[in-house]
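Have a look at the structure below before the remarks.
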Amino acid sequence: MRNFIFILFINTFLLNAQQIFSPDNYLQLIFKLVDSKPVYLLNYKQKPIIKESTLGIDLNDQPDFIDGFTIEKTDTLTFYENWQPVWGEQSTITNYYKELKITLSQMVPEKRIMIITFRLFNDGLGFRYEFPQQNNLNYFVLKEEYTTFALTGDHKAFWIPGDYDSQEYTYTTSLLSQVDATKGSGFDEINTKNIPGPDYIQTPLMLKTSDGIFINIHEAALSGYPVMYVKVDKKCYSLQSHLCPDAVGNKAYIQTPFTTPWRTIIVSDKAEKILESKLILNLNEPTGFKDVSWIKPQKYIGIWWGMHVGTMSWSYGNLDNVHLNTIDWNNVKPNGMHGATTENTKQYIDFASKYGIDAVLIEGWNIGWEDWFGKWKEEVFDFVTPYPDFDIEYLSDYAKQKNVELIMHHETSSSVTNYERRLDDAFSYMKKYGYDAVKTGYVGPIIPRGEHHDGQWMINHFLRVVEKAQQYKIMVDSHESVRPTGLHRTYPNWLTSEAARGNEFNAWSKGNPPEHETILPFTRLIGGPMDYTPGIFQIKIDYYNPDSKFQVHTTLAKQLALYVTIYSPLQMAADLPENYERFSDAFQFIVDVPVDWSETKVLKAEPGDYVITARKDRNSDNWFIGAITDEEAREFNVKLDFLTADKYEMTIYKDAPDANWKTNPMKYEIENKKVKKNDILKLKLAPGGGCAIKLKPLK
Ligand code: NOJ
Ligand code: CA
């Protein structure tokens with residue numbers, strides 16, 4: 044009966060409507076004008092996923108793009124291509140969709156045009172607004188975008204607050220009706236916080252319906268426009284777009300022709316398929332870079348964790364009230380904890396060279412760290428002056444000799460105007476000393492004051508940095524930056540970003556609960572790679588500081604599995620070299636695991652519970668598997684039917700039988716054995732545990 048009513052409803056709705064089906068026919072997109080307003084609806088396997096939902100845009104001082112429309116014309120097309128990303132989770136990606144393009148006109152009182160383009164893939168829908176250049180619309184100021192996602196029920200949601208300045212939250216799992224974005228575990232630990240209200244949450248938003256359908260809502264190709272959050276209507280379970288404002292409360296300044304980012308809805312009845320979706324990347328433009336030979340996925344260690352666990356400092360002296368470039372640093376008394384010394388850096392280079400780790404990141408190498416935080420001041424760093432105990436010339440020669448790359452750190456302290464003024468000098472300086480990659484950082488409130496990390500101004504800034512970096516052949520890893528939207532297809536030198544709560548929180552806060560890394564792939568990672576900084580072996584922080592109650596919420600084996608379950612072409616081995624020497628047999632997995640893949644299969648996954656991923660190395664025939672769980676111990680049977688050869692030598696790094704993230708986190712076992720394609724692997728994961736596997740074909 045329900046089906047009958049639904050079909051009847053669809054048929055009535057279809058009157059005067061336009062529709063397309065996904066290539067496999069499972070998804071159906073219907074578009075129609077209702078009372079002269081644009082409305083869309085999305086069905087999956089003949090059931091609604093998004094009910095009748097309105098689309099529109101409100102402008103300042105000009106008539107809005109909300110109603111009064113007629114359809115000028117509609118165009119459809121089918122598109123199919125296979126393309127090769129410069130780096131990624133697979134070497135070939137299929138981009139196959141049906142497109143419906145609706146040209147709408149309005150008389151206000153002169154004629155104006157707005158186009159809405161829908162692309163329907165087997166794994167979901169993307170749509171965007173387009174404003175062609177036209178007589179009556181050259182410039183406009185955007186007041187708000189009114190894109191609606193009318194959901195069919197009170198779905199389970201994995202959410203973080205719709206904060207204008209941070210995504211570094213732990214996830215809350217609740218029904219949509221229970222969302223309160225002003226409350227949650229660890230919210231007080233967020234340094235720069237701007238939550239517009241209790242109903243606002245971020246995308247990628249992962250949802251699960253009561254009948255087991257997984258829905259992911261996000262955006263693709265965000266440029267020249269602010270970040271989209273969604274406002275939850277807790278009574279009718281509808282989501283409404285909400286854009287990040289600028290310093291004067293406007294949302295965006297647009298000059299036509301202009302297209303908005305894509306709004307994306309990934310749908311499947313299998314959680315694994317959500318993780319395998321390439322919809323976001325497919326909606327981004329191909330790269331225009333002529334030469335990509337300088338872009339290299341890599342693993343790195345860094346002078347970094349020492350600062351987070353408190354055994355090293357970024358700063359050289361104990362000064363406050365620093366005026367940049369007025370200090371004679373040779374007369375400043377060292378504080379005795381400075382991490383980025385020539386001697387330390389040399390040791391890190393030696394360690395990287397010994398184990399074949401590609402690169403070393405050095406934080407705290409440059410003047411300014413004495414007075415960098417919490418002042419909201421303009422001139423903090425100049426990005427070209429090392430501390431007196433950091434011999435940049437010597438170290439760059441030494442690294443070259445040892446065949447190790449160096450990664451420069453540019454913490455801007457969010458004085459973004461200062462960074463932009465100095466960017467050319469900073470990048471020239473990097474190149475002079477042979478640095479090919481930069482880690483940027485945006486801690487604190489933004490300058491220009493009043494702007495937000497997620498506003499149009501900063502979105503433009505992040506891309507300006509990436510574009511300028513490309514001119515210098517520099518790769519970028521951005522921290523405290525916008526969460527990704529697949530732009531790495533277009534800008535493959537933007538290797539990775541943080542833009543979520545990383546492992547660092549475990550060193551100095553309540554940290555990330557064991558479920559955190561089982562949610563990240565369904566949320567933050569949907570848009571692109573993350574510099575999560577896995578690989579912490581010394582789990583409890585009281586090892587460094589007896590008073591510390593903090594710890595990483597993990598077993599050691601789970602830290603290894605993260606190299607497979609969290610994708611990034613730039614992966615850190617985040618712990619201190621001495622801890623890797625202590626557990627060198629386990630470190631061998633980090634040495635062996637690749638950062639660039641030809642194939643990826645998500646074998647089993649459930650958001651908030653577990654993820655098991657298998658990937659094939661792009662440069663060999665080796666396969667790797669990572670399996671992680673939340674705080675529950677779990678057992679799995681994994682069928683090795685995806686393997687490409689018949690026989691393998693398997694090395695498995697697993698939780699010891701009595702391992703437990705809380706009580707016994709560092710106990711692991713390493714086992715070697717032979718396996719065949721189609722064998723069934725029995726995996727046992729400890730509470731908060733995981734397992735990492737290397738499979739090497741046998742001749
Ligand atoms: C926050 C970054 O996420 C972290 O990696 C870095 O060490 C500090 N800021 C200092 O820049
Ligand atoms: Ca951070």
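Our numbering puts the first residue of the sequence shown at 44, with every later residue one more than the last. All C-beta atoms in this analysis are idealised placements derived from N, C-alpha and C, irrespective of residue type, glycine included.
- prompt: So, are the CB atoms of Leu-194 and Ser-281 less than 8 Å apart?
  reply: Reading the sequence shown from its first residue, position 151 is the one you call residue 194. Reading the sequence shown from its first residue, position 238 is the one you call residue 281. Cβ atoms of Leu-194 and Ser-281: closer than 8 Å.
- request: Can you tell me which of the three DSSP states Arg-306 falls into?
  value: Residue numbering aside, residue 306 sits at position 263 when the sequence shown is read from its first letter. It is a strand residue.
query: Does the distance from the CB of His-453 to the CB of Tyr-462 come in under 8 Å?
result: Within the sequence shown, the letter at position 410 stands for residue 453. Within the sequence shown, the letter at position 419 stands for residue 462. Yes, the Cβ-Cβ distance between His-453 and Tyr-462 is below 8 Å.
- request: Excluding the 5 residues preceding and the 5 following Pro-304 in the sequence, name in chain order all residues of the same chain whose CB lies nearer than 8 Å to its CB.
  value: Residue 304 sits at position 261 when you count from the first residue of the sequence shown. Contacts found: Arg-171, Glu-262, Ala-263, Ala-264, Leu-265, Ser-266, Tyr-268, Met-271, Thr-528.
query: Alpha carbon to alpha carbon, what distance is there between Ile-392 and Cys-279?
result: For the purposes of this step, residue 279 is identified with residue 236 of the sequence shown, where counting begins at 1. For the purposes of this step, residue 392 is identified with residue 349 of the sequence shown, where counting begins at 1. Rounded to whole angstroms, Cys-279 to Ile-392 spans 57 Å at the Cα level.
- prompt: Just to confirm, are Phe-580 and Ala-550 a CB contact at a threshold of 8 Å?
  reply: Looking up residue 580 in the sequence shown gives position 537. Looking up residue 550 in the sequence shown gives position 507. No, the pair does not count as a contact, with Cβ atoms beyond the cut-off.
- request: Assign Ala-295 to buried or exposed, taking buried as 16 or more other Cβ atoms, counted over all protein chains shown, within 10 Å of its Cβ.
  value: Your numbering for residue 295 matches position 252 in the sequence shown. It is buried - the Cβ of Ala-295 has at least 16 other Cβ atoms within 10 Å.
task: Write down the C-beta distance between Thr-330 and Tyr-534 rounded to the nearest angstrom, noting that I regard them as a contact closer than 8 Å.
output: In the sequence shown, residue 330 corresponds to position 287, counting from 1. In the sequence shown, residue 534 corresponds to position 491, counting from 1. Indeed, because the Cβ distance is near 7 Å, the residues count as touching under 8 Å.
- prompt: Buried or exposed: Asn-373, going by 16 or more other Cβ atoms within 10 Å of its Cβ?
  reply: In the sequence shown, the residue the question calls residue 373 occupies position 330. Label assigned to Asn-373: exposed.
Within 8 Å, strictly: CB atoms of Asn-662 and Lys-739: By one-based count along the sequence shown, residue 662 stands at place 619. By one-based count along the sequence shown, residue 739 stands at place 696. No, these two residues do not count as a Cβ contact at 8 Å.
- prompt: Is the beta carbon of Glu-541 within less than 7 Å of some heavy atom of ligand 4?
  reply: Absence of ligand 4 is noted for the structure shown, with ligand 1 and ligand 2 being the only ligands found.
- prompt: Roughly how many angstroms separate the alpha carbons of Glu-675 and Lys-443, rounded to a whole number?
  reply: Along the sequence shown, read from residue 1 onward, the residue named residue 675 stands at position 632. Along the sequence shown, read from residue 1 onward, the residue named residue 443 stands at position 400. If I take the Cα positions, the gap works out to 46 Å.
message: Here's a check: name, in chain order, each residue in its chain whose Cβ is nearer than 7 Å to the Cβ of Pro-557, leaving out the five neighbours to either side.
response: Numbered from its first residue, the sequence shown carries residue 557 at position 514. Same-chain partners within the cutoff: His-596, Thr-597, Asp-673, Glu-674, Trp-704, Gly-731.
- prompt: Should Thr-135 and Asn-125 be called a contact, given that it needs their Cβ atoms to be closer than 8 Å?
  reply: Translated into positions along the sequence shown, residue 135 becomes position 92. Translated into positions along the sequence shown, residue 125 becomes position 82. Yes, these two residues count as a Cβ contact at 8 Å.
message: Could you tell me which whole beta strand (DSSP E) segments of length 3 or greater appear in the segment 508-585?
response: 518-521, 537-540
message: Comparing C-alpha positions only, which one of Val-509, Leu-367, Val-681, Ile-490 sits nearest to Ser-423?
response: What you label residue 423 is simply residue 380 of the sequence shown in a count that begins at 1. Looking at the sequence itself, residue 423 is Val, so the reference to Ser does not match. The shortest Cα separation from Val-423 among Val-509, Leu-367, Val-681, Ile-490 belongs to Leu-367.
- request: Return the chain-ordered ranges of every alpha helix (DSSP H) run that is complete within the segment 346-392 and spans a minimum of 4 residues.
  value: 348-352
message: In whole angstroms, give me the CA-to-CA distance for Leu-98 and Asn-378.
response: Residue mapping note: residue 98 aligns to position 55 of the sequence shown, counting from 1. Residue mapping note: residue 378 aligns to position 335 of the sequence shown, counting from 1. So the two alpha carbons sit approximately 58 Å from each other.
task: Use the C-beta contact count for Ser-627: other C-beta atoms within 10 angstroms, 16 or more gives buried, fewer gives exposed.
output: On the sequence shown, position 584 is the one that residue 627 refers to. Classification for Ser-627: exposed.
message: Taking its Cβ as the centre, do 16 or more other Cβ atoms sit within 10 Å of Gln-127, making it buried, or is it exposed?
response: The count along the sequence shown starts at 1 and reaches residue 127 at position 84. So Gln-127 ends up on the exposed side.
task: Can you give me the start and stop residues for the beta strand (DSSP E) that Val-634 sits inside?
output: As a first step, residue 634 must be located in the sequence shown, where it is residue number 591. Where Val-634 is concerned, there is no enclosing beta strand (DSSP E), although the alpha helix (DSSP H) it sits in stretches over 627-635.
message: Out of Thr-299, Ala-290, Asp-242, which one is the CA nearest neighbour of Lys-277?
response: The residue you call residue 277 lines up with position 234 of the sequence shown. Ranking Thr-299, Ala-290, Asp-242 by Cα distance to Lys-277 puts Asp-242 first.
query: Going by the CB atoms, is the gap between Thr-307 and Gly-169 shorter than 8 Å?
result: If you number the sequence shown from 1, residue 169 lands on position 126. If you number the sequence shown from 1, residue 307 lands on position 264. Yes.
query: Between which two residues does the alpha helix (DSSP H) carrying Glu-421 extend?
result: Along the sequence shown, read from residue 1 onward, the residue named residue 421 stands at position 378. Taken as a continuous stretch (DSSP letters only), Glu-421 belongs to no alpha helix (DSSP H), as it is neither H nor E.
task: Pull up the distance between the alpha-carbon of Val-447 and that of Lys-389, whole angstroms please.
output: Residue numbering aside, residue 447 sits at position 404 when the sequence shown is read from its first letter. Residue numbering aside, residue 389 sits at position 346 when the sequence shown is read from its first letter. One C-alpha to the other measures close to 11 Å.
- prompt: Can you name, in chain order, every residue of its own chain whose Cβ lies under 8 Å from the Cβ of Tyr-398, other than the five neighbours on each side?
  reply: Here residue 398 corresponds to residue number 355 of the sequence shown, with the count starting at 1. Once the five neighbours on either side are set aside, the close Cβ partners of Tyr-398 are Tyr-623, Phe-630, Val-634.
Beta strand (DSSP E) runs contained entirely in the segment 160-191, provided each spans 3 or more residues: 167-174, 182-188
message: By alpha-carbon positions, which one of Val-82, Gln-89, Phe-183 ends up nearest to Asn-103?
response: Here the question's residue 103 lines up with position 60 in the sequence shown. Checked all of Val-82, Gln-89, Phe-183; the closest Cα to Asn-103 is Phe-183.
task: Could you please give the first and the last residue of the uninterrupted alpha helix (DSSP H) stretch that includes Asn-138?
output: One-based indexing of the sequence shown puts residue 138 at position 95. Element bounds for Asn-138: not the alpha helix (DSSP H) but the beta strand (DSSP E), 136-150.
message: When you measure from the CB of Glu-523 to every non-hydrogen atom of ligand 2, does any distance come out below 7 Å?
response: Counting from one through the sequence shown, the residue named residue 523 turns up at place 480. It does: the Cβ of Glu-523 is within 7 Å (strictly closer) of some heavy atom of ligand 2.
Status (buried if at least 16 other CB within 10 Å, exposed otherwise) for Ala-729: Indexing the sequence shown from 1 puts residue 729 at position 686. It is buried - the Cβ of Ala-729 has at least 16 other Cβ atoms within 10 Å.
beta-carbon Glu-547 near ligand 2 non-hydrogen atom, thresh 7 Å: If you number the sequence shown from 1, residue 547 lands on position 504. At least one heavy atom of ligand 2 is nearer than 7 Å to the Cβ of Glu-547, so yes.
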